[in-house]
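Here's the structure, in structure tokens; my notes come after.
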Amino acid sequence: MEKTAQQKTAQDTKDVSEKKGVSKEKAKEIKVSKQVASKIRRRWEALAKRQENGGIRVRANRKITSVSFVKDENGKVSVQVNLRNGRSIKDNAEEKGLEKFQKESRRAYARTKIAELLKKIKELGFAAVEGEIPPELKDAVLKSMARANISTSHKGTKAQEAEAKKSGSSSNTKTDTLKSSGSLFNTSPVFATTGYKPVDTLLRSAQESFKDPIYESRGIKQVSPVTARYPGGKSCSTEETISIKLPDGSTIDLTLVGQDTRQNRIKADCLAKILWKAEHNESLTEEEKKLIEEAEKKGIHSLEDLKKKPALLNNISYKKFPKNAQEALEATHKEDMDSQKRFINERAKDKNKLPPVSLDIKPGKDIDHLTKEGRGNRKNYVEDPDDKLLMQYLNAVTRLHGTKTVTDKELEMAQRMKEEHVNLGALWKIVNDKKLTSEQKLEATKALEEETKKNSNPTNDNGGKSVDPKPKSLQHSIEAEGDPKAAPKPKSLQQSLEAEGDPKAPASNPADHKKEQKEIRKAVNAIKMEEALHLFTKLKNKEELTPDEEKRVKEWNAKGVMSLKDFSPNGKEKAKVRQVVDQISDKGITKAYEEKLNQAKKGNQKGSLNRALLTTMENSEKQKAALKGKARER
């Protein structure tokens with residue numbers, strides 16, 4: 007038997023060496039690799055059987071269709087595994103293809119399974135689906151729910167619809183025919199001229215979560231509850247189906263999902279009609295071409311893409327749309343702001359519904375929503391300076407402890423620091439110091455508190471009575487204590503003389519100081535303008551720019567200033583240039599203008615923006631005349 011086996015191996019080796027034209031030693035190596043490949047093949051075939059029987063769950067297009075041997079140019083044998091999606095995997099003992107495939111399969115299965123479970127949770131609620139969640143995927147499902155703004159107490163859309171039917175509320179998906187109900191809604195005459203019909207303005211909640219009945223009256227499905235921590239805050243997630251009539255009379259249905267679908271409704275209507283025109287080779291205006299370019303950048307190339315991914319409308323700025331759509335979008339935004347103000351005023355009449363104006367901090371609240379003193383057009387409703395100061399301490403303390411919600415510990419510490427008048431600027435320095443560990447920061451904070459206690463009873467000449475170091479207002483406290491968020495005010499020459507105790511220095515006047523700062527700002531802006539005009543003149547004359555000068559030109563380009571033509575000193579352009587000059591940083595100014603800028607900041611140099619512009623225009627006119635004269639001479 008042994009002889010027969012040896013003869014067979016020798017014969018196979020001979021066949022391989024004859025077929026491939028390789029040495030006998032190489033042929034032996036090939037034979038051994040084929041034996042290894044046979045083992046790998048058996049493992050792949052076993053895996054394919056498990057897939058068929060449902061023992062291992064993977065996506066359908068990743069199923070194994072066939073397993074075969076392949077040889078490379080050197081005669082090396084590998085196993086080729088063909089998948090249903092057209093891909094093939096080459097595997098030998100070195101590449102460990104089987105392990106990689108199993109890992110990828112597990113990941114792909116996890117993604118599809120989580121998506122299925124999330125869909126079920128939205129429809130049926132978390133409690134109904136909890137038993138179906140595999141233990142290894144539970145954490146991933148909970149994270150996905152948090153991202154989708156779905157809580158574990160969510161009952162499911164089907165249960166909510168059943169409740170709505172019982173309560174006798176009727177829903178209608180055609181929002182075009184719906185009319186406003188209630189005194190808080192506002193309709194603008196702009197819509198009559200633009201051709202867009204407004205959807206009723208959303209009522210936002212004031213520091214409470216509830217199901218908004220307005221959505222049901224508009225035929226919009228509310229996916230999550232309203233979670234607004236203060237008036238004008240975050241609205242709920244909504245789902246709205248709209249029907250858009252195209253120029254040929256046909257219609258397309260879109261399901262818009264978002265926090266408030268009013269703006270996307272107008273965007274979808276406008277973009278769908280323009281995409282239809284583009285697909286049917288109809289002539290487009292420049293505005294329409296620009297909109298299509300922007301839509302393609304964001305991933306919308308056709309009407310089909312718009313149907314599949316209407317959420318991409320959120321990524322397209324309203325400024326990219328044609329003028330009539332822009333007016334409608336601006337009007338909806340204005341209506342939102344107006345309705346919020348009216349809503350807040352009406353709710354303020356009922357003391358049970360609107361919380362008091364002073365700050366009401368409770369443990370468990372999200373610190374970000376308490377401490378940010380304004381987001382966009384929203385106002386901060388805390389008016390008491392003491393409460394504002396407490397918020398500053400509270401923000402610093404929560405960051406010190408690395409928490410995002412207020413606990414009893416943080417609240418007590420912030421109140422204690424406020425009462426003891428701990429230096430807020432010094433506290434922020436400790437919080438923002440990246441070199442210190444969290445333990446070192448806490449030790450430094452304790453040391454700061456102890457130092458404050460020692461110096462808490464300063465005396466003055468008035469009979470040895472203690473001075474109350476408490477600042478009059480939050481602004482004064484921020485300026486005095488050096489909060490990093492507060493912009494430092496530059497000292498004038500007069501203030502510095504007073505600080506040094508110069509007897510010649512006259513008493514400071516706030517109005518004079520303000521006027522002085524205004525003059526300094528004017529002078530700095532004039533120098534920045536002078537530098538810009540010099541650079542753009544060089545650019546026009548096709549002179550070479552240094553790397554620093556090129557950076558400076560790019561900074562102006564980013565603000566919309568592309569050439570000397572943009573420096574026209576007339577009308578709206580002049581106002582635009584003034585605005586742009588303020589936005590340009592003076593830190594990257596070129597070396598030729600550094601000394602002038604320093605002098606201007608000290609108040610030693612005066613300048614006027616108008617004068618700088620006019621001088622440049624006169625110089626450019628002189629240059630033109632000189633060039634014309636040279637041309638005539640030639």
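In this note's numbering, the protein residues as written are 7 to 640. Where is the CB? At the ideal position from N, CA and C, for every residue including glycine. Computed from a predicted model, the values in this text were never measured in an experiment.
Asked: Taking the C-alpha atoms as reference points, what is the distance between E425 and K441?; Found: 29 Å
Asked: Would you kindly work out how many angstroms separate the C-alpha atoms of L312 and A133, rounded to a whole number?; Found: 34 Å
Asked: Alpha helix (DSSP H) containing T291: first to last residue?; Found: Neither: T291 is in no alpha helix (DSSP H) and is coded neither H nor E.
Asked: Spatial neighbours of L454 within its chain, please: C-beta separation below 8 Å, excluding the five flanking residues on both sides.; Found: V428, N429, A432, L433, I436
Asked: DSSP three-state call for T596: helix, strand or coil?; Found: coil
Asked: Are the Cβ atoms of S84 and L124 separated by less than 9 Å?; Found: no
Asked: Just mark R48 as buried or exposed, buried being the case when its beta carbon has 16 or more other beta carbons within 10 Å.; Found: exposed
Asked: For M535, which of helix, strand or coil comes out of DSSP?; Found: helix
Asked: On the criterion of 16 or more Cβ atoms from any shown chain inside 10 Å, does M568 qualify as buried, or is it exposed?; Found: exposed
Asked: Report the rounded CA-to-CA distance for I298 versus K528, giving the unit in angstroms.; Found: 42 Å
Asked: Suppose you measure from the CA of I533 to the CA of K548; what does that come to, to the nearest Å?; Found: 23 Å
Asked: For S94, list the residues DSSP reports as bridge partners.; Found: N88
Asked: So the beta strand (DSSP E) T71 belongs to, where does it begin and stop?; Found: 70-77
Asked: Which stretch, first to last residue, makes up the alpha helix (DSSP H) that contains F132?; Found: 132-135
Asked: Only counting the same chain, and skipping five residues up and downstream in sequence, which positions put a Cβ closer than 6 Å to that of Q86?; Found: S74, V76, S94, K96
Asked: DSSP state of I127, grouped into three classes?; Found: helix
Asked: Please report the straight-line C-alpha distance between E302 and A154, rounded to a whole angstrom.; Found: 26 Å
Asked: Taking all protein chains shown into account, decide if Q446 is buried (16 or more other Cβ within 10 angstroms of its Cβ) or exposed.; Found: exposed
Asked: Taking 9 Å as the cut-off, decide whether the C-beta atoms of L335 and I306 are in contact.; Found: no
Asked: Which value, in whole angstroms, describes the spacing of the CA atoms of K329 and E292?; Found: 12 Å
Asked: So the candidates are R558, L406, L400; which of them puts its Cα closest to the Cα of L417?; Found: L400
Asked: Measuring only the C-alpha atoms, how far is Q589 from E550?; Found: 26 Å
Asked: Closer than 6 Å by C-beta to K164: which residues in its own chain qualify, once you throw out the five before and the five after it? Chain order, please.; Found: E129
Asked: Judging by CA-CA distance, which residue of T411, D592, K314 is the nearest neighbour of G536?; Found: The sequence shown places Glu at residue 536, not Gly. Checking every option, the nearest Cα to that of E536 belongs to D592.
Asked: Taking all protein chains shown into account, decide if E285 is buried (16 or more other Cβ within 10 angstroms of its Cβ) or exposed.; Found: exposed
Asked: Please report the straight-line C-alpha distance between K571 and K546, rounded to a whole angstrom.; Found: 11 Å
Asked: Which residue wins for smallest C-alpha separation from L143, given the options V412, A317, T118?; Found: T118
Asked: Report the option in T596, Q398, T71 whose CA atom is closest to the CA atom of H540.; Found: T596
Asked: In the DSSP assignment, what are the bridge partners of S249?; Found: D259
Asked: Anyone know if the C-beta pair for P316 and N270 falls short of 9 Å?; Found: yes
Asked: Write down the C-beta distance between G594 and E561 rounded to the nearest angstrom, noting that I regard them as a contact closer than 8 Å.; Found: 7 Å
Asked: Sorted by chain position, which residues of the same chain lie with C-beta nearer than 7 Å to N461's C-beta, five sequence neighbours on each side aside?; Found: none
Asked: Who are the Cβ neighbours of L53 in its own chain at under 6 Å, not counting the five residues just before and after it?; Found: none
Asked: State buried or exposed for K340, treating a residue as buried only when at least 16 other CB atoms are found within 10 Å of its CB.; Found: exposed
Asked: Alpha carbon to alpha carbon, what distance is there between T413 and N604?; Found: 48 Å
Asked: According to the Cβ coordinates, are L309 and A331 closer than 9 Å?; Found: no
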